[in-house]
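Contents: one structure, followed by commentary.
Residue numbers (our numbering), protein chains in the order written: chain Z, 2 to 330; chain F, 7 to 315.
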């Protein structure tokens, strides 16, 4: 079966001194129809750049240096502006972290939803409005006939994110990219939004690329997880097996950093050091300066993203070894 | 809404009061006095001077003069002109009343579309030759003094090309150069603001959302961005109108237009206090009216600041 969205060996660079900075390097990632793939990593790991590249929405200074973005089997890296306008919002849609600022404050919620339909399906303003009301009802907005004429500032954060989702769903896209969709929301609202996304996924069969740094959200939503660090994929695995037994030391440390109620510790587990900026990505394995398991080889040679016998992937020279320091609790 | 209008008009009273006090005081501090000016070459005639002073009430203490002025003003009486004996102030300024605000309004109406589109084009072509070229023109438009530009315009467009009359006020063609000259610095200022605001708006999340929806660039710019640029632009329109109204003082003098601006200058030189006072009050009033209109428009453009219903 062809993936709904597939990034292969995708590399993106931004202007820098003296050379351009490779912000993401050789990203491989696929989202099947009806599948939720969690893209996990710390801030600055390149998650959002990956998402924007998939939408072909990168700022003009950014450049896709290599690789392909397949959408429904077609590479859109070489697509023209016109083609991209037809694709964006229709075949692939995106929702963002900040529902507060992602809606235009000067236009009514219903109009902003309907606009997508006017542009892509050629609906009249009145038809678009009627469809917008239906969509608002479908994403669980109460009294949509009234809310359709509300301005964003009249809606709560959760309602605004629902409007964003309705807008994204308007043309029944094959892929939805959700960039930290719940980070800015209260925990109870978070759960509702995730529940809504799960339901819509089941009803429409679209694939979802869920970008987050919240491993709890991933555990509850995703089928598969891709772990990114410093612009590269470090590990990829089905969500259960990753949580049960992470292969990559970075994944292990990430999971260990989640505080647990049962093992109350005096100190929270943290990963020593910080994510390096793209101008100072280290040689060899990009995680080696912070890795408790690093050996000499890690400093010299970049490990490949290797596929294990069980189909999981890990980018580490020591994958499969037992008794590594990162495994101790 | 009507309560809002009443509230705004009441709010205008203290502003007018301040304008009255300040202008009255300024008139007293300026050297020279109206009677000396009126007497002209009969300057030595002490008897006539005292008679005139008594006639106009200028021999009384200042607070009394002020109280008397206020009392008459409350009845809608602006007093008599000093320069044109026994002519009421209202009659002196009546014919000139709408010339200055019309010139200023025309200049604003002309400057808005030109300034905003220049600014937006510059923002969209940021860091290109077009952007730099526009910025250069804007700096020139802002920094060349109006009277110098006026002399240049008269030479080129009136004397050399004959497209517009040199000066005077008998047909609409007489307004062409004055309005253009008023509009140039206003447009340049607006363009600079529009460029800055547009660059800011283009960074906003909702613009990214509009692009993610697959909206063509035309809608991203002229629908989703422009309206957000208009909100702060509107705010400064009141201030710009204020500078335009005061700008008419110079322009009307240069082009010999019998508007409030020129009458203001004439009355100041003639120490014709009642006329000066009336004109300052009128300018204050126009300025307040424009700001009121701006506030109403503000609510129309931006739903977040709708006037309390």
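Backbone N, C-alpha and C fix where the C-beta goes; we use that ideal spot for every residue, glycine too.
Listed as beta-bridge partners of residue 212 of chain Z by DSSP are Z:40, Z:180. 8 Å or more divides the Cβ of residue 73 of chain Z from the Cβ of residue 278 of chain Z. For residue 230 of chain Z, the three-state secondary structure derived from DSSP is strand. Taking 8 Å as the cut-off, the beta carbon of residue 147 of chain F is found closer than this to the beta carbon of residue 194 of chain F. Cβ proximity to chain Z below 7 Å picks out 219, 220, 221, 222, 230, 233 from the stretch 219–233 of chain F. Under the Cβ distance rule, residue 10 of chain F does not count among the residues neighbouring chain Z, no pair being separated by less than 8 Å.
Note on geometry: alpha-carbon atoms of residue 244 of chain F and residue 159 of chain Z lie some 38 Å from one another.
DSSP places residue 315 of chain Z within a strand segment (E or B) once states are collapsed to three. Note that the C-beta distance between residue 13 of chain Z and residue 87 of chain Z is not below 8 Å. Inter-residue distance for residue 293 of chain F and residue 140 of chain Z is about 49 Å (C-alpha atoms, whole angstroms). Going by DSSP, residue 275 of chain F is part of the alpha helix (DSSP H) stretching over 266–275. For the stretch 93–106 of chain Z, the set of residues with a beta-carbon nearer than 8 Å to any beta-carbon of chain F comprises 94, 95, 97, 99, 102, 103, 104, 105, 106, in chain order. Within the same chain, Cβ atoms closer than 6 Å to the Cβ of residue 285 of chain F are found at 266, 270, the five residues on either side in sequence being excluded. When 8 Å is used as the limit between beta carbons, residue 51 of chain Z is near no residue of chain F, the shortest such separation being about 15 Å. Closer than 7 Å at the C-beta level to chain F, one finds these residues of the stretch 116–136 of chain Z: 116, 117, 120, 121.
Annotated three-state conformation of residue 260 of chain F is helix, per DSSP. Contacts between residue 90 of chain Z and chain F, judged by CB atoms closer than 7 Å, involve 218, 219, 220 in chain order. When C-alpha distances from residue 34 of chain Z are compared across Z:53, Z:3, Z:105, Z:21, the shortest belongs to Z:3. Neighbours of residue 154 of chain Z across chain F, judged by C-beta separation under 8 Å: 309, 310. As computed with DSSP, residue 95 of chain Z is found in a beta bridge with Z:178. Here DSSP, grouped into helix, strand and coil, assigns residue 63 of chain Z to coil. Collapsing the DSSP output to three states places residue 27 of chain Z in a strand. Remark: C-beta atoms of residue 216 of chain Z and residue 256 of chain Z approach each other more closely than 8 Å. Beta-carbon to beta-carbon, residue 125 of chain F and residue 196 of chain F are separated by about 7 Å, close enough to satisfy the 8 Å threshold. Residues of the stretch 44–69 of chain Z whose Cβ lies closer than 9 Å to any Cβ of chain F, in chain order: 53, 56, 58.
Going by DSSP, residue 302 of chain Z is part of no beta strand (DSSP E) at all; its letter is neither H nor E.
The alpha helix (DSSP H) runs of length 4 or more contained entirely in the stretch 115–152 of chain Z are, from start to end of the chain, 126–139, 145–148.
Under the Cβ criterion of 8 Å, residue 86 of chain Z is counted among the residues facing chain F. Excluding five sequence positions before and after residue 99 of chain F, the CB atoms of its chain that fall closer than 8 Å to its own CB belong to 266, 269, 281, 284, 285, 288, given in chain order. In this structure, the CA atom of residue 310 of chain Z is about 12 Å from the CA atom of residue 320 of chain Z. Residue 301 of chain Z is positioned such that its CB atom lies no closer than 8 Å to that of residue 324 of chain Z.
For residue 198 of chain Z, the nearest beta carbon of chain F is not closer than 8 Å to its own beta carbon. Cβ neighbours of residue 129 of chain Z within its own chain (closer than 6 Å, five residues either side excluded): 115, 118, 119. Residue 300 of chain F and residue 241 of chain F have their C-alpha atoms spaced approximately 7 Å apart. Neighbours of residue 211 of chain F across chain Z, judged by C-beta separation under 7 Å: 97, 99, 102, 103. Using a C-beta cut-off of 8 Å, the stretch 72–81 of chain F makes no contact with the stretch 246–261 of chain F, since fewer than three inter-stretch Cβ pairs fall below that distance.
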